[in-house]
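> Residue numbers (the numbering used here): 11 to 231.
From the three backbone atoms N, C-alpha and C, an ideal C-beta is built for every residue, glycine too.
Model, not experiment: these values are computed from the prediction.
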Amino acid sequence: MSRPLILIGAGEMAQIACEYFEHDSDYDVVAFSVESPYLTSPDLAGRPVLAYERLADIHPPGTVDLFVAIPASQLNRLRTRFYLDGKARGYRFATYISSRAFVWRNAEVGENSFVFENNVVQPFVHIGNNCILWSGNHVGHRTVIRDNVFVASHAVISGYCDIGSSSFIGVNATFNDGIKVGEDNVIGAGALVTKHTEPGRVYVGSPAQAIPNRSSFDVRL
Numbered sequence: 011m012s013r014p015l016i017l018i019g020a021g022e023m024a025q026i027a028c029e030y031f032e033h034d035s036d037y038d039v040v041a042f043s044v045e046s047p048y049l050t051s052p053d054l055a056g057r058p059v060l061a062y063e064r065l066a067d068i069h070p071p072g073t074v075d076l077f078v079a080i081p082a083s084q085l086n087r088l089r090t091r092f093y094l095d096g097k098a099r100g101y102r103f104a105t106y107i108s109s110r111a112f113v114w115r116n117a118e119v120g121e122n123s124f125v126f127e128n129n130v131v132q133p134f135v136h137i138g139n140n141c142i143l144w145s146g147n148h149v150g151h152r153t154v155i156r157d158n159v160f161v162a163s164h165a166v167i168s169g170y171c172d173i174g175s176s177s178f179i180g181v182n183a184t185f186n187d188g189i190k191v192g193e194d195n196v197i198g199a200g201a202l203v204t205k206h207t208e209p210g211r212v213y214v215g216s217p218a219q220a221i222p223n224r225s226s227f228d229v230r231l
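See the structure below:
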């Protein structure tokens, strides 16, 4: 029996999430929701768009699940804000794992996370809450991806890595075994990370180097 789901957001990520949840899960997407200043249309994809401030009046906690369908905006802070607020209100959160992803039986994936097709998640991996893994990544054995992380497509994260919370991993980034990535990192597209990284930094190149005098919060995602 399908469970009703409301997607927080009304942009491209929300519309993509709607497609996946509707056609490859047991959820039934019944509405979208955004904050009132961003409510520019009453409906999207044949479903109502509701004011987030009034969501509990229309769909109280316990009657629907939520998924925050927002990408890496503000270094994942925007998605995280809605996720934490929804939890504080008492809502339960959905997680989506594509039927075309390979996720080993003892890998763990937290709530409000989204794993696209063709991801390979090996044994003993832990993926935290509020994470997005776009299509085609490799996550090696015993790696930990901490909360609020966004991994773009075709990253190779080798075994025993630790990806710090709220980080952004760019397309085709590669990590050697056992790498510890600091929280709030931005790892650029195609970077080869061979050494542990410091929190709040931007790393680019092969081998990856921190950009001097530049914080990850200076990057527009």
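1) Counting C-beta neighbours from all protein chains within 10 Å, is the total for W144 16 or more, i.e. buried, or is it exposed?
2) Please determine if the stretch 39-59 and the stretch 107-122 are in contact, where contact requires at least 3 C-beta pairs separated by less than 8 Å.
3) Put P52 into one of helix, strand or coil per three-state DSSP.
4) Under a Cβ-count criterion, where at least 16 other Cβ atoms within 10 Å of its own Cβ denotes burial, should F227 be classed as buried or exposed?
5) Give the straight-line distance between the Cα atoms of P222 and I26, rounded to the nearest whole angstrom.
6) Between which two residues does the alpha helix (DSSP H) containing G16 stretch?
7) Is H136 helix, strand or coil by DSSP?
8) Since I believe F77 is in contact with I18 (beta carbons under 8 Å), could you give me their beta-carbon distance rounded to a whole number of angstroms?
9) For Q25, does the three-state DSSP call read helix, strand or coil?
10) Are three or more beta carbon pairs between the stretch 146-165 and the stretch 115-129 nearer than 8 Å?
11) S177 to V74, Cα distance in whole Å?
12) Along the chain, where does the alpha helix (DSSP H) containing I68 start, and where does it finish?
13) Mind checking which residues open and close the beta strand (DSSP E) that includes L60?
14) For S168, does the three-state DSSP call read helix, strand or coil?
15) Identify which residue in H33, D34, R57, E29 has its Cα closest to the Cα of V40.
16) Could you compute how far the alpha carbon of S46 sits from the alpha carbon of A20?
17) Assuming the contact rule is C-beta atoms closer than 8 Å, V59 and S83 should be a hit. Round their C-beta distance to whole Å, please.
18) Rounded to the nearest angstrom, how far is the Cβ of Y210 from that of G192, given a contact under 8 Å?
19) Using a Cβ-Cβ cut-off of 6 Å (strictly less than) and excluding sequence neighbours within five positions of K190, which residues of its own chain qualify?
20) What do you get for S262, buried or exposed, if any count of 16 or more other CB atoms within 10 angstroms of its CB means buried?
21) Hey, would you say A220 sits closer than 8 Å to G200, going by beta carbons?
22) Within the same chain, show all residues whose beta-carbon is closer than 6 Å to that of Y93, passing over the 5 residues directly before and after it, in chain order.
Reading from the atomic positions:
1) buried
2) no
3) coil
4) exposed
5) 36 Å
6) Position check: residue 16 holds Ile in this sequence, whereas Gly was assumed. Segment 13-18 is the beta strand (DSSP E) holding I16; no alpha helix (DSSP H) there.
7) strand
8) 7 Å
9) helix
10) yes
11) 29 Å
12) 65-68
13) 57-61
14) coil
15) R57
16) 12 Å
17) With 8 Å as the limit, V59 and S83 do not qualify as a contact, their Cβ atoms being about 18 Å apart.
18) Checking the sequence shown, residue 210 turns out to be Gly, not Tyr. The pair is a contact, with the Cβ atoms about 7 Å apart (cut-off 8 Å).
19) D172, H206
20) This structure cannot speak to residue 262, because the chain is shown only from 11 to 231.
21) no
22) V78, N122, N140
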